[in-house]
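Residue numbers (this note's numbering), protein chains in the order written: chain A, 31 to 222; chain B, 31 to 222. Glycine residues also receive a C-beta, built at the ideal position from the N, C-alpha and C atoms.
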DNA sequence: GTCTATAAGTGGATAGAC
DNA sequence: GTCTATCCACTTATAGAC
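Right, here's the structure in full:
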């Protein structure tokens, strides 16, 4: 057996959550989709909430892996670095639309506490925070409050990702790609 | 009796939906909170989905009313107009945090079809679309695809609103207000 | 219009065999 | 670790009295 039952459950849960919503998906339907008994599901996860939480952490970690390869790049030129991070993140969302959708559902739902979300953000997306701080120090970015800027970045990223997922034909359209990055980048800049 | 039972049901539904989530809120709990029998609820709304839909439309309309008083203003100067629209919308969200929360839940959940959401957007928020078009024609804004720009505006608005709702102490902090508008406005501008 | 009572079904979660 | 079988609280929605 190549994939463990636990992983099958997580995969099926992601698929169902992202299409039907988290609350609207029963544990029984997850087990059925994973070709597993409900007893097995509750053997691996003490309850539904823990299953959601574990899936959330796994996906957030997965996204963070898109950023790490770029950490070693030259950081003197901020814009090209930001552009490759932006495109990496967008490509990830386009490749795994279910992960993005679930990520969004989990963020908006009250299943995870604000604290849990903030912790996951700080741990996994620390690279982004450092980049914002660096840009503010060099004067490339406006000196706005960092929490506000971080939330704004996340919001613009989710917005652009959803657009590409809903309009697959435009995925590789350079005009659209440039436009989305331009808005993102300009938002961070100081008033000229 | 000042408020109709139907309105009591809508009010209680909004309150419960925004705190517990839509799926996680039972019709029985809505009826109980509204001090009404379940039979009464189903007399006014054929089913739960219709109740959600009706609430969604009412709230979207409520938001749109924040924009109409400004339509008659002088539109030669775009930035001050945009700033007052931005602040109006933020103030509305801060005053009615439950409405914003529900609005977000309904947008992300699959309860409303993409078409229904787009229709409501076009009808109620047409003012915003016209403003974007006008800015693009005058050269104040970059000529990005309008759908992309509209979604970006909505995302930044929701992001800023959530921040203020989660941090009530900063509601009237001018530094934060200016920062959030600066990001929003800059995102729309062309590359300098 | 509003209520009570209840139908008919689904939910998360558990016990215990293998 | 995985399964079958099952508990029972809770769900949406309806019927019919007032």
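Inter-residue spacing [alpha-carbon to alpha-carbon] between residue i and residue j
i	j	result
residue 215(A)	residue 180(A)	13 Å
residue 58(B)	residue 68(B)	6 Å
residue 97(A)	residue 201(A)	20 Å
residue 160(A)	residue 175(A)	14 Å
residue 78(B)	residue 192(B)	27 Å
residue 223(B)	residue 111(B)	Any question about residue 223(B) goes unanswered here, given that chain B covers just 31 to 222.
residue 71(A)	residue 211(A)	42 Å
residue 132(A)	residue 48(A)	5 Å
residue 182(A)	residue 53(B)	28 Å
residue 41(B)	residue 86(B)	12 Å
residue 149(A)	residue 157(A)	14 Å
residue 213(B)	residue 197(B)	19 Å
residue 185(A)	residue 185(B)	6 Å
residue 88(A)	residue 142(B)	28 Å
Neighbourhood of residue i by C-beta, 7 Å cutoff - its chain only, sequence neighbours within 5 removed
i	result
residue 66(A)	35, 38, 39
residue 165(B)	108, 171, 218
residue 81(A)	43, 75
residue 134(A)	188
residue 124(A)	194, 195, 201
residue 46(B)	55, 59, 60, 63
First through last residue of the alpha helix (DSSP H) which encompasses residue i
i	result
residue 149(A)	144-154
residue 45(A)	35-50
residue 205(B)	204-218
residue 222(A)	Note, residue 222(A): premise wrong, no alpha helix (DSSP H); not H, not E.
residue 109(B)	108-125
residue 69(A)	68-74
residue 92(A)	78-94
residue 191(B)	176-196
Own chain residues within Cβ distance below 6 Å of residue i, not counting five before or after
i	result
residue 195(B)	127
residue 84(A)	none
residue 145(B)	none
Close-in-space but distant-in-sequence residues of the same chain around residue i (CB under 8 Å, 5 per side omitted)
i	result
residue 13(A)	The displayed coordinates of chain A run from 31 to 222. Any statement about residue 13(A) would go beyond what the structure contains.
residue 51(B)	135
residue 154(B)	90, 91, 93, 94
residue 207(B)	117, 120
residue 113(A)	211, 215
residue 139(A)	52, 53
residue 163(B)	176
residue 152(B)	159
residue 137(B)	147
Could you run through the segment 38-70 of chain A and flag, in chain order, every residue whose CB is less than 9 Å away from some CB of chain B?
Contact residues of the segment 38-70 of chain A toward chain B are 49, 50, 51, 52, 53, 54 (C-beta to C-beta distance below 9 Å).
Which residues of the segment 124-142 of chain B have a Cβ closer than 7 Å to any Cβ of chain A? Give them in chain order.
Per Cβ criterion, the list reads 134, 135, 138, 139, 140.
Could you list the residues in the segment 176-196 of chain A with a C-beta less than 8 Å from some C-beta on chain B, going in chain order?
The residues in question are 177, 178, 179, 181, 182, 184, 185, 186, 188, 189, 190, 192, 193, 196.
Identify each residue in the segment 205-220 of chain B for which the Cβ-Cβ distance to at least one residue of chain A is less than 9 Å, and report them in chain order.
Of all residues in the segment 205-220 of chain B, those with a C-beta nearer than 9 Å to a C-beta of chain A are 205, 206, 208, 209, 210, 212, 213, 214, 215, 216, 217, 218, 219, 220, reading in chain order.
Give the residues from the segment 160-173 of chain A that approach chain B closer than 9 Å (Cβ to any Cβ), ordered along the chain.
So the close ones are 172, 173.
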